[in-house]
Every structure is written in C-alpha cells, then in structure tokens.
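One structure is given here, and the rest of the page talks about it.
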Amino acid sequence: MSRLWWGMMILALMMVACQPPAAPTPTAALATQLPNLGGRELRIASDTTYPPFEFVDPNTNEIVGFDVDLVNEICKLLNCKPVIVSTAWEGIFAGLEQRQFDLAASGITITEERKQKFDFSDSYLRYGQVVLVRADEGRIQGKDDLKDKIVGVQVGTTNEETAKTLVADETKQLKRYDTFDLAVRALLAKDVDAVVIDSPAADGFMAQNPGKLKIAGQPFTSEDLGLCFPKGSDLVGPFNFALKALKENGTIDRLYDKWFKEYKPGK
Ligand code: ARG
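Next up, the structure:
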C-alpha cells in the first residue's frame, strides 16, 4: 500500500516536473521587461506643420497628431515625460546632432543616409509617396505625368529626392518649401502643379482642405517611418520595447484609425 502510494507520488511529481512552463502572453512578458525611465523629461523635436502626424489644432492651439499620441503612449509605458519642441524640419537634424533634443518624432523616413548620422527606432509605419494635385486637375494622372510640370516639395525630405527623379529639369521645375504646409498652399494658389508627399500626409491635407485636392494615381514607393535619436542614444532600446508592446496590444492600430481614417478637422 505505502509502496503504491510512494510510486504514485513519484509519478505525479515527475509529471509536474515535465510540464513545460505555461507560456506567458507576449504583452505580459513585455510589460515585466519594460524599462523604467524614472520620470525622465524628454525633449522631442517635431516640425508641427504636417497633418495628421503633427500639427497645431486651430481650435485649441495645441500640438496634436499621430506622432504626438505615439510618444505619449510610449512614455506612459516607460515612465517618461514627453515635451514636444516645435522645430523647423532642417533644424530637427542639426539639433539632434548637437544633442539639443532627446529624439525627433516628425514622420521621419528611415533612410540609409540618415542612419549614418542618427539612430532610429524600429519602423512604426510603412506607407508610400503619392502625387497630390488640385481636385480639378485633368492633366496629371500619376507620377509619370510630372516630367514637364512644376512640382512642390518640402526641402530636405525623401519626397524632394523622389521628385527630383520625376521632373526633366529640377532647377526649373522643382520648388522647395520650408514646410509641406507652404507647398500645399502653393498648389492651391496654382504656383505649382503637384506636390510629391507621403500618402498619410496627403490625406491629412485633403482633410484640412475638403473638396480642393485629390491624389493622382497610386502610392509608388514604400518607406518606413521611425523615431530618430542622436547616435548612441540609450533610449532606442526602451523605445523599441515600448513600440513592440503598443503593436501587440493594438494601440498602434487604434491610433492609425484615429488619425488616418477618422481624422477630420474640426471634429
Ligand atoms: N517622410 C518624409 C521624410 O522623412 C517627410 C517627413 C516630413 N515631416 C514633417 N514633419 N514635415 O523626409
């Protein structure tokens, strides 16, 4: 009897010991590993003229948008305090190099060239560039119709690089503006025929100018956006952890819907 009892005990113990440990859900596992930045204040550079990524809400005068929500959500997880510093596009990169900012969140494309000078987070969004034209435009059906047209872009962007390849003579046909906001105003004023721009931003400007603009053709590039840090920043690892958690728990999708599908100015 007691031998049988011991036998059963040993068998039961063996069975328990051989059980693989219950796999924790990925988000729970991430949460326990999330770094804690101890309330650190982060200076975040952003060119806030770029709806729906970052722009000034005319009703409240507050800086809002996808990138703003994203860094807020990241800081909730990492225990940091985001301070958005409105900065001209070119000043963002100069300031990062001089370490005036902890990072930049500004719809920035991850490129090989930028990676030489800066560190990037993992991609938080993939999109394509498009051709934005006036709603009544009949001559331009897509990128191949820009060879003899006047094209506006924001200076120093991947869109400028792309537009250079689409016009026959960039000195005559390419107009570079300090912001995309100005490029779109030039388009509406008929100073340029088209603007080459990231597709979510094209949607953002269309939402701000209902009925006045349209996209000609389909997105024709594929690029990844990342948060941009000074080289060697200790924040890249923590931010990637947080981004992963926000992808897994559906927050990124929710922000995507909020800013890229539902956003209409005045709402
Ligand atoms: N994605 C493009 C780039 O990185 C344009 C970004 C422009 N962003 C802005 N906030 N104006 O070059």
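Going by the working numbering, the sequence shown opens with residue 68, and the numbers climb by one from there.
Heads up, the beta-carbon is just placed ideally off N, CA and C, and yes, glycines get one too.
For D189, the CB stays at least 6 Å from every heavy atom of ligand 1. Taking the C-beta atoms as reference points, C147 is found nearer than 7 Å to R107. The C-alpha of L101 is placed about 45 Å away from the C-alpha of L233. Taken atom to atom, the span from the alpha-carbon of D245 to that of D265 is near 16 Å. DSSP lists F122 as the beta-bridge partner residues of V131. In this structure, the C-beta of G219 stays at least 6 Å away from each heavy atom of ligand 1.
Taking 7 Å as the cut-off, the beta carbon of G162 is found no closer than this to the beta carbon of A283. Rounded to whole angstroms, L292 and D189 show a C-alpha spacing of 8 Å. Here C295 is near A171, since their CB atoms are less than 7 Å apart.
Relative to ligand 1, Y117 has its C-beta within less than 6 Å of a heavy atom.
Listed in chain order, the alpha helix (DSSP H) elements of length 4 or more contained wholly in the stretch 160-239 are 179-184 and 225-233. At a cut-off of 6 Å, the beta-carbon of W156 counts as near ligand 1: some heavy atom of the ligand is closer than that. Residue side-chain check: S173 places its Cβ nearer than 6 Å to a non-hydrogen atom of ligand 1.
Distances taken from the Cβ of D260 to the heavy atoms of ligand 1 include none shorter than 6 Å. Restricting attention to alpha helix (DSSP H) runs no shorter than 4 residues, the stretch 249-332 encloses them at 266-275, 303-315 and 318-323, ordered along the chain. Within the same chain, K184, F185 and D186 come within 7 Å of K298 by CB-CB distance, once the 5 residues on both sides are set aside. In the DSSP assignment, the residues bridged to I111 are I151 and L170. In the DSSP assignment, L104 falls outside any beta strand (DSSP E), carrying neither H nor E. Taking C-beta atoms under 8 Å as the contact rule, G278 and A202 qualify, at a distance of about 6 Å. One alpha carbon belongs to N307, the other to T288, and they sit about 25 Å apart.
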